[in-house]
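Peer 1:
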Ligand SMILES: [Fe+2]
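Residue numbers (the working numbering): 44 to 293.
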């Protein structure tokens, strides 16, 4: 099982950096399409657009529909939940009849669960009892299948970040941690939002954060070809664990 993760492309025709951000996303799509073997699936962990509107999603879709493998998108704080759900396959809806975009994709060797970590109050993360109960219920449905969690906000301390904690309140992270606690089938969690590479734990589960696809927004040190090229990550399942490679798009 190979998963390509892209994140935080912030497509925005109104930005002075509009053309560069389009190009950054195109380069990642082209690079993924050239991989051999192709990933089984691509997951975008949110902020696909910047303050999403139908026109911005159309621009993103025009690029992403060129991918040669299936794509799922996690909602980020700059996204529009309804437009994500309307434009991208969101698997089995775990919270139908609510605004939350939380879903399960059961078609692969590893089950993918996309969490909705959006807050109504800020650009930071949140995770309420409704979302936690839905996650717990989904995990209990199939406790024997290896599972990967995808969410926009990192639920761990990003030590190098200006905003070390990226949730509104520690209690929201604790709520997420309790829902994941003891669920030994969850092998890894993946997120974006911090725009930099980072790693931590939630309920003892390794969590990683991928740099933003948008070069003008990313943080951290990049060397060699990555100084001027967008990066994304490949997560390859090996002996029950995901091994991560950060790739520089050609
Ligand atoms: Fe974000």
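Glycine included, each C-beta is placed from N, C-alpha and C at the ideal position. This one's a predicted model, so the numbers in the text were calculated from it and none came from an experiment.
For residue 50 and residue 123, what's the separation of their Cα atoms in angstroms?
Peer 2: Roughly 15 Å separates the two Cα atoms.
Peer 1: Quick one: measure Cβ to Cβ for residue 272 and residue 291, integer angstroms, because I've assumed they're closer than 8 Å.
Peer 2: Right, the Cβ-Cβ distance comes to about 5 Å (below 8 Å), so this counts as a contact.
Peer 1: Scan the segment 133 to 163 and note each continuous alpha helix (DSSP H) run of 4 residues or more that stays entirely inside, going in chain order.
Peer 2: Correct list: empty.
Peer 1: Mind checking whether the beta-carbon of residue 120 lies closer than 7 Å to any heavy atom of ligand 1?
Peer 2: It does: the Cβ of residue 120 is within 7 Å (strictly closer) of some heavy atom of ligand 1.
Peer 1: Please return the same chain residues whose Cβ sits closer than 6 Å to the Cβ of residue 117, not counting the five positions on each side in sequence.
Peer 2: Answer for residue 117: 88, 89, 157, 193, 195, listed in chain order.
Peer 1: Should residue 91 and residue 46 be called a contact, given that it needs their Cβ atoms to be closer than 8 Å?
Peer 2: Taking 8 Å as the Cβ cut-off, residue 91 and residue 46 do not qualify as a contacting pair.
Peer 1: Would the beta-carbon of residue 236 be found less than 7 Å away from any heavy atom of ligand 1?
Peer 2: Yes - ligand 1 has a heavy atom lying nearer than 7 Å to the Cβ of residue 236.
Peer 1: Would a C-beta distance cut-off of 8 Å place residue 240 and residue 160 closer than the cut-off?
Peer 2: No, they are not a contact pair.
Peer 1: What does residue 115 pair with, by DSSP beta-bridge criteria?
Peer 2: Answer by DSSP bridge pairing, in chain order: 86.
Peer 1: Which residues mark the beginning and the end of the beta strand (DSSP E) in which residue 218 is found?
Peer 2: Looking at the DSSP string, residue 218 is not in any beta strand (DSSP E); the run it does join, the alpha helix (DSSP H), is 213 to 223.
Peer 1: Classify residue 128 as helix, strand or coil using the three-state DSSP reduction.
Peer 2: Reduced to three states, the DSSP call for residue 128 is helix.
Peer 1: Rounded to whole angstroms, what is the Cα-Cα separation between residue 59 and residue 93?
Peer 2: Straight-line Cα distance between these residues: approximately 13 Å.
Peer 1: Checking 8 Å against the spacing of the C-beta atoms, do residue 198 and residue 237 come in under that value?
Peer 2: Not in contact: residue 198 and residue 237 (Cβ atoms no closer than 8 Å).
Peer 1: Does the segment 258 to 278 come close enough to the segment 214 to 227 to have 3 or more Cβ pairs within less than 8 Å?
Peer 2: No: fewer than three Cβ pairs fall under 8 Å.
Peer 1: To the nearest angstrom, how far is it from the Cα of residue 206 to the Cα of residue 213?
Peer 2: Between residue 206 and residue 213, the C-alpha separation is close to 13 Å.
Peer 1: For residue 233, write down the residues that DSSP places opposite it in a beta bridge.
Peer 2: 193, 251.
Peer 1: Less than 7 Å between C-beta atoms, sequence neighbours within five positions excluded: which residues of the same chain meet that for residue 130?
Peer 2: So the qualifying residues of the chain are 100, 104.
Peer 1: Count the other CB atoms, across all protein chains shown, that sit within 10 Å of the CB of residue 218; report buried if there are 16 or more and exposed otherwise.
Peer 2: Label assigned to residue 218: buried.
Peer 1: Here's the rule I'm using: 16 or more other beta-carbon atoms within 10 Å means buried, otherwise exposed. How should residue 80 be labelled?
Peer 2: Exposed: under 16 other Cβ atoms inside 10 Å.
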